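Here's the structure, in structure tokens; my notes come after.
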Amino acid sequence: MDPIADALLNAARSELGYREKGGLSKYGVAYAKRVNDSQYRGAPWCDMFITWAASKAGILPWVGQFAWTPSHARWFMDQGAWTRSPEPGALVFFDWSGGKSYKGIDHVGIVESVEGSKIHTIEANIQGGKLKRMTRDQQKVVGYGLPWKVKANAATAQVRAT
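Under this note's numbering, think of the first position of the sequence shown as 301, with each following residue one higher.
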């Protein structure tokens with residue numbers, strides 16, 4: 301497995317079982333502090349957890365720092381790191397209404413493994429504010445962001461610039 305994928309998954313696994321308290325998550329509180337904006341303290345935190353895990357793993361430049369899932373997906377597209385095929389360690393972006401545009405994305409998780417048409421994920425802020433493993437089909441998936449591709453594309457661009 302790619303080292304970036306492995307690092308992100310290890311950071312995410314270390315938090316399995318976490319549950320928000322009183323409408324707040326430690327990930328929202330940390331994100332609010334990181335961006336100096338208290339409005340994020342009680343906001344939906346699926347993507348803020350991704351930021352936290354990436355920061356803990358030391359791979360934030362290749363995962364991105366976001367709270368708004370459509371913007372995060374667009375960022376992966378702009379980085380040339382977007383795909384429709386799941387891979388372990390990829391960020392998976394969902395639209396619960398079944399749309400296929402990044403503009404309708406309302407949730408993000410991390411692919412832990414792929415088994416046929418099913419994906420096994422680690423997701424935050426689900427089922428009453430929990431952080432847990434899920435098994436999902438891909439009907440509601442808009443696409444996948446590949447952090448290792450962000451890093452590879454950045455390295456290629458740097459080489460071209462020299």
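Note that beta-carbon positions come from the ideal geometry of N, C-alpha and C, so glycine has one too.
These numbers were taken from a predicted model, which means no experiment stands behind them.
Three-state class that DSSP yields for residue i in the structure shown
i      : result
Thr462 : Because Thr462 carries a pLDDT of 48, less than 50, the predicted location of this residue cannot be relied on, and the following value inherits that uncertainty. Of the three classes helix, strand and coil, the one that applies to Thr462 here is coil, per DSSP.
Trp382 : strand
Tyr444 : strand
Met434 : strand
Ala455 : helix
Ile350 : helix
Leu391 : strand
Gly409 : strand
Leu316 : coil
Lys326 : helix
Ile359 : coil
Asn310 : helix
Ala424 : strand
Ala305 : helix
Lys400 : coil
Nearest candidate by alpha-carbon position, reference residue i, set the options
i      : options                        : result
Asp437 : Ser413, Ala452, Met301, Gly342 : Ser413
Asn425 : Gly342, Arg334, Asp337         : Gly342
His420 : Val392, Tyr340, Tyr402, His407 : Val392
Arg374 : Ser401, Pro344, Ala390         : Ser401
Ser397 : Pro344, Val442, Gln365, Asp306 : Val442
Asp395 : Lys333, Val335, Thr369, Asn336 : Thr369
His407 : Phe376, Ala357, Ala367, Pro388 : Ala367
Ala455 : Glu320, Asn336, Trp362, Asp306 : Trp362
Gly323 : Ala307, Lys333, Tyr340         : Tyr340
Gly364 : Gly404, Gln427, Ile304, Lys403 : Ile304
Tyr318 : Tyr331, Gln427, Lys418, Pro386 : Gln427
Ala357 : Ala332, Ser371, Pro344, Ser314 : Ser314
Pro386 : Lys451, Lys440, Phe349         : Lys440
Ala390 : Phe376, Val411, Lys418         : Val411
Ala452 : Ile359, His372, Pro388, Lys403 : Ile359
Cβ distance (whole Å) where residue i is taken to contact residue j below 8 Å
i      : j      : result
Gly409 : Met434 : 7 Å
Glu320 : Gly429 : 4 Å
Thr432 : Leu316 : Note on identity: in this sequence residue 432 is Lys, with Thr being the wrong assignment. 6 Å between Cβ atoms; contact.
Ala307 : Ile422 : At roughly 13 Å, the Cβ-Cβ gap does not stay under 8 Å, so Ala307 and Ile422 are not in contact.
Check: residue i C-beta below 7 Å from any heavy atom of the ligand ZN
i      : result
Phe366 : In the structure on display, the ligand ZN does not appear, and there are no ligands present to speak of.
| Segment contact, 8 Å Cβ cut-off, at least three pairs: the region 320 to 330 with the region 341 to 354 | Cβ pair count under 8 Å is three or more, so yes.
| request: Would you check if the region 445 to 453 and the region 375 to 388 touch, i.e. whether three or more CB-CB distances between them fall below 8 Å? | output: The answer is yes - the region 445 to 453 touches the region 375 to 388, with three or more Cβ pairs under 8 Å.
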